[in-house]
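Have a look at the structure below before the remarks.
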Amino acid sequence: MRLVLFDIDGTLVPGSSSEARFARYLWDRGALGPRQLLAFVWFCVRYFPRYGRHVMQKNKAYLSGRGKAEIAALARDFVAERLMPALYAPAVERLRMHQAAGDRVALLSGTPQFIADALADALGVDYSHASLCASRAALYTGAPPIRHPYGPTKIDAAQALAEQTGLPLAGAVAFGDSITDAHLFRVVEEAVAVQPDKRLSEEAQGAGWEVLLDRMTAPGKPDAHEGESRY
3 MRLVLFDIDG
13 TLVPGSSSEA
23 RFARYLWDRG
33 ALGPRQLLAF
43 VWFCVRYFPR
53 YGRHVMQKNK
63 AYLSGRGKAE
73 IAALARDFVA
83 ERLMPALYAP
93 AVERLRMHQA
103 AGDRVALLSG
113 TPQFIADALA
123 DALGVDYSHA
133 SLCASRAALY
143 TGAPPIRHPY
153 GPTKIDAAQA
163 LAEQTGLPLA
173 GAVAFGDSIT
183 DAHLFRVVEE
193 AVAVQPDKRL
203 SEEAQGAGWE
213 VLLDRMTAPG
223 KPDAHEGESR
233 Y
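My numbering applies: residue 3 is where the sequence shown begins, and numbers increase by one.
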């Protein structure tokens, strides 16, 4: 039995990130109004000096003023209606193989925890570790997230999951798509680059990591920082 860590965006969810899709879902449902849009823009202005090009990854202010229970319910509907049908089949197949083998599968992502939890439930996964959005009195605020696993900090998150499951991180398997996942790849026993960006593809070749691609997919998609942010 091993700990198996699956990234979400770009790995299980191809194309647009799960959070971007959820924001669109909220817009379509009329759950985003002027308060949320203004809070989102103000976050970019206020925190760009601190976060630079990563400011959009940290920006959860579109949730400002919304109830945690309300957003969790919407996230469950969103995952069932829009996210599950869009998952990358080869990655889901590998996830199912690990479940069948008795491994402890966990989702590890920078997407909000409520999305990760809803996706974990839909996939029958027992563990998830994702971003914790700031809240006060059961309402989300426009502050930066309390926790945001990304790049090197995914190692800390993975270690927390290892302690939670009682399985060693050194014997774990990690699935990811971005060069930022290479930090985690270097501390686990087995790494799988799923439709990797150009830099991770090159790193995987040098390190001997497995690369999981569609037969019709050319290796080396653009790096995350050259296009949409990955979590």
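Ideal Cβ placement from N, Cα and C applies to all residues, glycine included.
Can you give me the C-alpha to C-alpha distance between Leu34 and Tyr64, rounded to a whole angstrom? Going by C-alpha positions, Leu34 is about 7 Å away from Tyr64.
Q: Could you work out which residue in Ala159, Gln38, Gly12 is closest to Tyr142 when comparing CA atoms only?
A: Among Ala159, Gln38, Gly12, the Cα nearest to that of Tyr142 belongs to Gln38.
Drop a sphere of 10 angstroms on the beta-carbon of Thr158, count the other beta-carbons inside from all chains shown, and report buried for 16 or more, exposed for fewer. A small fix is needed here, since residue 158 is Asp in this sequence, not Thr. It counts as exposed.
**OP:** Could you work out which residue in Gly178, Leu125, Gly208, Asp119 is closest to Leu214 when comparing CA atoms only?
**Re:** Of the candidates Gly178, Leu125, Gly208, Asp119, the residue whose Cα lies closest to the Cα of Leu214 is Gly178.
Q. Where do the ends of the alpha helix (DSSP H) carrying Leu121 lie?
A. Per DSSP, Leu121 belongs to the alpha helix (DSSP H) from 115-125.
Are the beta-carbon atoms of Gly109 and Leu5 separated by less than 7 Å? As written in the sequence, residue 109 is Leu, which differs from the Gly given in the question. In this structure, Leu109 sits away from Leu5, with a CB-CB distance that is not shorter than 7 Å.
**Leu134 (DSSP reduced to helix, strand or coil)** = Reduced to three states, the DSSP call for Leu134 is strand.
message = Tell me the rounded alpha-carbon separation between Arg138 and Ala174.
response = Arg138 and Ala174 have their C-alpha atoms roughly 36 Å apart.
Give the secondary structure of Ala193 by DSSP, where H, G and I count as helix, E and B as strand, and everything else as coil. Strand.
If I'm right that Gly112 touches His150 with Cβ under 8 Å, what's the distance once you round it to whole angstroms? Right, the Cβ-Cβ distance comes to about 5 Å (below 8 Å), so this counts as a contact.
- Query: Cα separation between Phe45 and Glu21?
  - Reply: Cα-Cα distance, rounded: 16 Å.
With burial defined as no fewer than 16 other Cβ atoms inside 10 Å of the residue's Cβ, what is the status of Glu212: buried or exposed? Glu212 sits exposed, since fewer than 16 C-beta atoms from the chains shown fall within 10 Å of its C-beta.
For a test of the three-state rule: what should DSSP assign to Ala145, helix, strand or coil? DSSP, read as helix, strand or coil, puts Ala145 in coil.
- prompt: For Ala176, which of helix, strand or coil comes out of DSSP?
  reply: In this structure, Ala176 counts as strand in the three-state DSSP scheme.
Original post:
Whose C-beta lies closer than 6 Å to the C-beta of Gly153 among residues of the same chain, with five residues either side of it excluded?
Top reply: For Gly153, where only same-chain residues beyond five positions count, the Cβ hits under 6 Å are Thr182, His185.
Exercise for review: Using three-state DSSP, classify Ser111 as helix, strand or coil.
Suggested key: In this structure, Ser111 counts as strand in the three-state DSSP scheme.
Q | Buried versus exposed call for Glu95 [16 or more other C-beta atoms within 10 Å across all chains shown] | A | Counting Cβ neighbours within 10 Å, Glu95 comes out exposed, since fewer than 16 surround it.
| said: Quick check on the burial criterion: 16 or more other C-beta atoms within 10 angstroms. Buried or exposed for Gln197? | reply: With 16 or more other Cβ atoms within 10 Å, it is buried.
Exercise. Between the C-alpha atoms of Thr13 and Ala88, what's the straight-line distance to the nearest angstrom?
Worked result: The straight-line gap from Cα to Cα measures roughly 12 Å.
Helix, strand or coil: how does DSSP classify Arg106 here? Strand at Arg106.
Roughly how many whole angstroms lie between the Cα atoms of His100 and Pro51?
Between His100 and Pro51, the C-alpha separation is close to 42 Å.
What are the partner residues of Phe8, as DSSP defines its beta bridges?
Beta-bridge partners assigned by DSSP to Phe8: Leu109, Phe177.
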